[in-house]
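Numbered according to UniProt numbering, the sequence shown spans residues 1 to 71.
Yeah, the Cβ is synthetic: ideal placement off N, Cα and C, and Gly gets one too.
What follows is a short report on a single structure.
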Amino acid sequence: MEQPQAIQETLRAVALGGFLTASTLIIGINFKVFNNIFKENAHKYWWLFLVSAVIPVAVVLFIFSFFFERT
């Protein structure tokens, strides 16, 4: 059974909003944990924070694109 185009676009918009919210929360949580672990050395390891923030966001984006590739 095919869903109407309006429902598909609404689902896509809601999923994109959820992705942006989840990305923001993941990066914020990673920043707090990162600063608690490295304390004074946190500024030396900025690249490690960047990698630890980008990988989960990339995984979520991959899952998002996997579910919506056919719509």
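- For N30, the uninterrupted alpha helix (DSSP H) segment begins and ends at Q5 to F38.
- Per DSSP, A58 is one residue of the alpha helix (DSSP H) stretching across W46 to F67.
- Here the stretch 51–69 makes contact with the stretch 23–35; the two share three or more CB pairs at distances below 8 Å.
- Burial of N30 is indicated by the presence of at least 16 other C-beta atoms within 10 angstroms of its C-beta.
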